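Note sheet for the following structure.
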Ligand code: FAS
Ligand code: PHB
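Numbering (our numbering), first residue to last: 4 to 400.
The following block contains the structure:
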């Protein structure tokens, strides 16, 4: 249950959801002198320990530094300048993305970003956890009304704007009247089984291993904690494989069965279906959809969190323009700007998903096409540079 004082009856911006999008938006608005109320369904502890993304683009890192929450990231984050491909023939090749396009990425867990944002939240800011039955009761051209149950009390919050930062399964997107929003969806024929292991990574850089057995990714959260993924059939349950079977399959795909994958206790596991979704438009009257509330991408290219950060930054800039200068063009243009970047993220994520995942259903022709794509990536500087630009920083645009 929330322990904060009663929520204000009116606020400029009501933010639904305290994931990275909602917390960053509240922080950026605060720095612009714009008050907000954040309503989060889950507990503070749950939000702070939820392990998800881990790769931060350069634009995301810059945004967190500008928001004054980048200090620990700069101390503990791992800056990367390249990654390794392992191809079906067992050959290894490096993708030197920093050398190709001048941009790095950082490995720093999403839960650490959330902790840093929570730590920066000042006491007088209205951030409520354990809020029940949040719903958008009114969406007018000039304002909105949000209702919820806070500490057992029915609460109404009048606001100028609502930021729907409540993820794919939230209440914001469904609050848009039928016919005003179109959802575009693509389900990929594969899922990822993700594990967090108390074991040093096999390689200090990420390894994307494409094998006839399926895909595996070796990532990390620190020099002593590995983040590893296996592609699995979409219907597979999260507990279908024992820890030993997971380790063995990871070793087969990442080392060819050399038995050199460092082992350690598996701390947690998650099954992530690979799905793509975009809601168009991302705004309706005074409701603005941000991050996963508006779009989800398969984790293949690590774009989900970075797109959410970019949306939050864009909306914060637009609201600052409205409150500080009475300008509305950035608000009116929010959806179009955010969707351009979202579709770029979708395209790269879908292309990376197809590149990484040989599937039993695919034809020999498809396998040859994949081989030709890898041959171009490894032999053409222009092709590799275009890939590197997309991998390191769609959000910069
Ligand atoms: P979030 O879903 O993070 O946050 C939404 C918040 O709203 C949550 O705290 C939720 O409790 C709250 N909420 C929902 N309904 C509410 C309601 N009715 N009332 C109040 N609050 C409500 N991305 C990557 O880039 N790389 C990865 O490896 C990766 N792995 C992932 C693994 C999993 C299992 C999942 C689910 C996602 C993964 N993602 C990954 C994507 C993920 O990182 C998202 O892009 C990111 O969390 C988006 O942040 P938000 O938009 O803030 O949404
Ligand atoms: C992760 O560390 O969670 C991660 C890294 C790179 C990806 C996907 C996921 O492409």
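Even glycine gets a Cβ: it sits at the ideal position worked out from N, Cα and C. Keep in mind the model is a prediction, meaning the values are calculated, not measured.
How many angstroms separate the CA atom of residue i from the CA atom of residue j?
i, j, result
"residue 374", "residue 329", "54 Å"
"residue 279", "residue 191", "8 Å"
"residue 398", "residue 245", "Below a pLDDT of 50, predicted positions are generally treated as unreliable, and residue 398, at 46, falls in that range; the measurement from the model is reported next regardless. Roughly 38 Å separates the two Cα atoms."
"residue 232", "residue 354", "18 Å"
"residue 173", "residue 271", "24 Å"
"residue 9", "residue 72", "27 Å"
"residue 91", "residue 212", "8 Å"
"residue 176", "residue 208", "38 Å"
"residue 293", "residue 336", "14 Å"
"residue 371", "residue 267", "37 Å"
"residue 243", "residue 160", "45 Å"
"residue 400", "residue 248", "Note on residue 400: pLDDT 47, under 50, position unreliable in the model; no value is reported."
"residue 378", "residue 68", "38 Å"
"residue 312", "residue 382", "33 Å"
"residue 63", "residue 316", "9 Å"
"residue 332", "residue 325", "9 Å"
"residue 144", "residue 291", "12 Å"
"residue 78", "residue 276", "33 Å"
"residue 237", "residue 356", "14 Å"
"residue 21", "residue 289", "19 Å"
"residue 81", "residue 74", "13 Å"
Return the chain-ordered list of same chain residues with a C-beta closer than 6 Å to the C-beta of residue i, the five sequence neighbours on each side being excluded.
i, result
"residue 47", "132"
"residue 393", "351"
"residue 273", "197"
"residue 26", "120"
"residue 339", "none"
"residue 179", "287"
"residue 269", "198, 200, 246"
"residue 124", "130"
"residue 59", "109, 111"
"residue 185", "283"
Does the beta-carbon of residue i, which I'm using as the reference point, lie nearer than 8 Å to any heavy atom of ligand 2?
i, result
"residue 240", "no"
Considering only residues of the same chain and omitting the five flanking positions on each side of residue i, which have a CB-CB separation below 7 Å?
i, result
"residue 4", "Interpretation of residue 4 is limited by its pLDDT of 45, a score under 50 that renders its predicted location unreliable; no figure is taken from the coordinates."
"residue 32", "16, 39, 319, 322"
"residue 226", "203"
"residue 53", "114"
"residue 388", "103, 104"
"residue 85", "97, 98, 99, 100, 101, 208"
Looking at residue i and ligand 1, is the gap between the Cβ and the nearest heavy atom below 8 Å?
i, result
"residue 277", "no"
"residue 51", "no"
"residue 19", "yes"
"residue 200", "no"
"residue 115", "no"
"residue 168", "yes"
"residue 372", "no"
"residue 24", "yes"
"residue 171", "yes"
"residue 37", "no"
"residue 190", "no"
"residue 210", "no"
"residue 250", "no"
"residue 79", "no"
"residue 462", "Since the displayed the chain opens at 4 and closes at 400, residue 462 lies outside it and no answer follows."
"residue 299", "yes"
"residue 273", "yes"
"residue 76", "no"
"residue 137", "yes"
For the candidate residues the options, whose alpha-carbon lies nearest to that of residue i?
i, options, result
"residue 195", "165, 188, 234", "234"
"residue 148", "199, 19, 25, 214", "19"
"residue 189", "367, 298, 199, 24", "298"
"residue 109", "164, 66, 125, 259", "66"
"residue 228", "29, 112, 99", "112"
"residue 167", "130, 28, 258", "28"
"residue 307", "253, 362, 219, 396", "396"
"residue 49", "106, 117, 41", "117"
"residue 35", "70, 13, 43", "70"
"residue 302", "13, 12, 218", "218"
"residue 165", "51, 156, 14", "14"
"residue 93", "258, 238, 30", "258"
"residue 260", "214, 37, 347, 12", "214"
"residue 169", "241, 239, 76, 42", "42"
"residue 61", "241, 366, 83", "83"
Quick one: residues in its chain with C-beta nearer than 8 Å to the C-beta of residue i, no 5 flanking neighbours on either side, listed in chain order?
i, result
"residue 206", "87, 221"
"residue 152", "134, 135, 136, 158"
"residue 57", "110, 111, 112, 113, 222, 223, 224, 230, 305"
"residue 216", "252, 255, 256"
"residue 376", "358"
Can residue i be considered in contact with ligand 4, in the sense that its beta carbon sits closer than 8 Å to one or more heavy atoms?
i, result
"residue 154", "Looking for ligand 4 in the displayed structure turns up nothing; the ligands present are ligand 1 and ligand 2."
- Task: Give every residue whose Cβ lies closer than 5 Å to any heavy atom of ligand 2, listed in chain order.
- Result: These are the residues, in chain order, with a beta carbon less than 5 Å from any non-hydrogen atom of ligand 2: 57, 58, 222, 230, 302, 305.
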